[in-house]
Amino acid sequence: MRKYLEGGDLRTIGGVKFLLPLIRDQKDFDILFRYMYSKDRPIVMRAADAVEKITIGHPEYLAGHKGDLLALLQSAEDKELKWHLSLLVSRLPLNDLELEIVLAKLKEWAGNPAESRIVRVNALQALCEIKDQDPGLEKDFRTLIGKLQKEEIASINARIRNLKIG
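Residue numbers for the sequence shown, in the working numbering: 22 to 187.
Below is the structure:
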């Protein structure tokens, strides 16, 4: 599995597309997930990319990793991990305390001009998906949208236009 994740250039996804078909069950996924703790930044990025892609169709694979994802959400420093974590945590079933923690971090990332634009856009996407599961979050979400629109950043405004806000 590691050979598909290796490679020095952060601008490429390496062999992730070849790795995806090899992840056939929870056991394979759990092995892949461990690479998100690698000391090698490109491996972490590619593992997170693969985990994100796989869990689009199999969000249940994340269930046993909820604690890990919530911890990574709090400790992540690299933008490549943050942008994947944003989307991953939106796929988790969360209790009230966990939801509060996730919302705080996603709002922080989405609203922070010092974060990369893709981190901000993915945090915004995740907030929208979570909001769709809990209509009580609508007002805070719309407030954040208004703040972000005032920044006049093309990539963020494009995502806002594409979100199901209604």
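Where a beta carbon is used, it is the ideal one built from N, C-alpha and C, also for glycine.
Assess, as a yes-or-no matter, whether the segment 102-113 is touched by the segment 132-148 under the definition of 3 or more beta carbon pairs within less than 8 Å. Touching, yes, given that three or more Cβ pairs across the two stretches are closer than 8 Å.
What residue does the alpha helix (DSSP H) around tyrosine 25 start on, and which one ends it? One-based indexing of the sequence shown puts residue 25 at position 4. For tyrosine 25, the enclosing alpha helix (DSSP H) stretches over residues 23-26.
Would you call the CB atoms of valine 37 and phenylalanine 54 closer than 8 Å? Your numbering for residue 37 matches position 16 in the sequence shown. Your numbering for residue 54 matches position 33 in the sequence shown. No, the Cβ-Cβ distance between valine 37 and phenylalanine 54 is not below 8 Å.
Secondary structure of lysine 168, DSSP reduced to three states: Reading the sequence shown from its first residue, position 147 is the one you call residue 168. Three-state DSSP puts lysine 168 in a helix.
Let's see if you can read the secondary structure: which residues bound the alpha helix (DSSP H) around lysine 128? As a first step, residue 128 is located in the sequence shown; it is residue number 107 there, counting from the start. Start and end: 117-132.
Cα-Cα, which of Glu129, Ser137, Lys74 is closest to isoleucine 177? Within the sequence shown, numbered from 1, the residue matching residue 177 stands at position 156. Shortest Cα-Cα distance from isoleucine 177 to any of Glu129, Ser137, Lys74 involves Ser137.
Hey, would you say alanine 125 sits closer than 8 Å to leucine 169, going by beta carbons? Locating residue 125 in the sequence shown gives position 104, counting from the first residue. Locating residue 169 in the sequence shown gives position 148, counting from the first residue. Not in contact: alanine 125 and leucine 169 (Cβ atoms no closer than 8 Å).
Is the distance from the Cβ of cysteine 149 to the Cβ of leucine 115 below 8 Å? Here residue 149 refers to the residue found at position 128 of the sequence shown. Here residue 115 refers to the residue found at position 94 of the sequence shown. Result no, Cβ atoms of cysteine 149 and leucine 115 do not sit closer than 8 Å.
Would a C-beta distance cut-off of 8 Å place leucine 94 and arginine 112 closer than the cut-off? Counting from one through the sequence shown, the residue named residue 94 turns up at place 73. Counting from one through the sequence shown, the residue named residue 112 turns up at place 91. No Cβ-Cβ contact shorter than 8 Å links leucine 94 with arginine 112.
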